[in-house]
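As structure tokens, the structure follows; a few thoughts come after it.
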Amino acid sequence: GAGVSQTPSNKVTEKGKYVELRCDPISGHTALYWYRQSLGQGPEFLIYFQGTGAADDSGLPNDRFFAVRPEGSVSTLKIQRTERGDSAVYLCASSLMGGTAYGYTFGSGTRLTVV
Amino acid sequence: QKEVEQNSGPLSVPEGAIASLNCTYSDRGSQSFFWYRQYSGKSPELIMSIYSNGDKEDGRFTAQLNKASQYVSLLIRDSQPSDSATYLCAVDNSGGSNYKLTFGKGTLLTVNP
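Residue numbers (this note's numbering), protein chains in the order written: chain A, 15 to 129; chain B, 7 to 119.
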């Protein structure tokens, strides 16, 4: 596609529920990143995929968070047993190759609200 | 903990003035530096990148880098009301993880007509 697409744009869920957030990167981009942005903060790194594999998942806050990219294109961020502290905007970015020198293109984000 | 510090603002300038945004970083090994613009309710948009000491100009924007002082700045000349946004400074991480960016909290810029 022309840009990074994220769905849904907004998600409201109850505490304890499971949610999935989807990211469709720019066609041909092998690198995909998930970031989380809380109110008044800059984006924080969660996970980086190169192709199908998670090259670095050191930013995932705990084992309730998991992400997959089974075919090297679309990625899904999964959050189990959601907590109110998970409320944030989840941003996906992609780049042609790994490495910041190629620049990130962010999607429009998914605003997650846990009530 | 690798940190990127920005003055949260708000920074208010009149239309036509020069806006100066500053950023310091703690990771001395960082090699890539970026400025993103984020309008309220929107996602960050890359506007400048800089990798070498000195100045880099692109239209009304100039990025300045001083690695010895661990300092990055963004100048916006002839500021327009449409430049009103939060400006995020981002720095890569040394030690092999050059795909990971650390962002500052951002500086809110308001350009008054």
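Glycine included, C-beta positions come from ideal geometry on N, C-alpha and C.
Source: prediction; values computed, not measured.
Subject >> For lysine 25 (chain A), the residue or residues it bridges with in DSSP >> reply: The bridge partners DSSP lists for lysine 25 (chain A) are A:Leu126.
Original post:
Applying the criterion that 16 or more other CB atoms from any shown protein chain within 10 Å of the CB defines a buried residue, is glycine 110 (chain B) buried or exposed?
Top reply: Glycine 110 (chain B) should be labelled buried.
Original post:
Going by DSSP, which residues form a beta bridge with threonine 108 (chain B)?
Top reply: B:Val97, per the DSSP bridge assignment.
**OP:** For proline 57 (chain A), name the three-state secondary structure that DSSP assigns.
**Re:** In the structure shown, proline 57 (chain A) falls within a coil segment according to DSSP collapsed to helix, strand and coil.
Original post:
For the segment 120-129 of chain A against the segment 20-39 of chain A, are there 3 or more C-beta pairs whose distance is under 8 Å?
Top reply: The answer is yes - the segment 20-39 of chain A touches the segment 120-129 of chain A, with three or more Cβ pairs under 8 Å.
Original post:
Three-state secondary structure (DSSP) at arginine 78 (chain A)?
Top reply: Looking at arginine 78 (chain A) - three-state DSSP - the assignment turns out to be coil, as it is neither helix nor strand.
Subject >> valine 129 (chain A) classed as buried or exposed, judged by whether at least 16 other C-beta atoms fall within 10 angstroms >> reply: With fewer than 16 other Cβ atoms within 10 Å, it is exposed.
Original post:
Quick one: does the C-beta of alanine 107 (chain A) sit closer than 7 Å to a heavy atom of the ligand MN?
Top reply: In terms of ligand content, the structure shown is empty, and the ligand MN therefore cannot be addressed.
**OP:** Please decide whether leucine 71 (chain B) counts as near chain A, where near means a Cβ-Cβ distance under 8 Å.
**Re:** Judged by the 8 Å Cβ criterion, leucine 71 (chain B) is not in contact with chain A.
**OP:** Find the nearest neighbour of arginine 34 (chain B) within the set B:Ser18, B:Gly47, B:Tyr105, B:Val97, judged by alpha-carbon distance.
**Re:** Checking every option, the nearest Cα to that of arginine 34 (chain B) belongs to B:Val97.
Subject >> Nearest-angstrom Cβ-Cβ length linking glutamate 9 (chain B) and cysteine 29 (chain B), presumed shorter than 8 Å >> reply: In fact, because the Cβ distance is near 11 Å, the residues do not count as touching under 8 Å.
Original post:
Can you tell which of B:Gly112, B:Leu27, B:Thr108 has its C-alpha closest to the C-alpha of serine 79 (chain B)?
Top reply: When each option's Cα is compared against that of serine 79 (chain B), the closest is B:Leu27.
Subject >> For arginine 34 (chain B), three-class secondary structure by DSSP >> reply: Looking at arginine 34 (chain B) - three-state DSSP - the assignment turns out to be coil, as it is neither helix nor strand.
**OP:** Name the one or two DSSP bridge partners that serine 89 (chain A) has.
**Re:** In the DSSP output, where bridge partners are listed per residue, serine 89 (chain A) has A:Cys37.
Original post:
Taking the Cβ atom as the reference point for each residue, do glycine 56 (chain A) and leucine 94 (chain B) lie within a distance shorter than 8 Å?
Top reply: Going by C-beta atoms, glycine 56 (chain A) is nearer than 8 Å to leucine 94 (chain B).
Subject >> Against chain A: residues of the segment 104-116 of chain B by CB proximity under 7 Å >> reply: Contacts with chain A (Cβ-Cβ distance below 7 Å) from the segment 104-116 of chain B involve Asn104, Tyr105, Lys106, Leu107, Phe109, Gly110, Lys111, Gly112, listed in chain order.
Subject >> DSSP-derived helix/strand/coil call for aspartate 89 (chain B) >> reply: If DSSP states are grouped into helix, strand and coil, aspartate 89 (chain B) belongs with the helices.
Subject >> Any chain C beta carbon closer than 8 Å to serine 58 (chain B) >> reply: Absent here is chain C; the protein component of the structure consists of chains A and B.
Original post:
In chain B, which residues lie with their C-beta within 7 Å of the C-beta of proline 57 (chain A)?
Top reply: Against proline 57 (chain A), the close residues of chain B are Pro50, Phe109, in the order they occur along the chain (beta-carbon pairs closer than 7 Å).
Subject >> arginine 98 (chain A) (DSSP reduced to helix, strand or coil) >> reply: Of the three classes helix, strand and coil, the one that applies to arginine 98 (chain A) here is helix, per DSSP.
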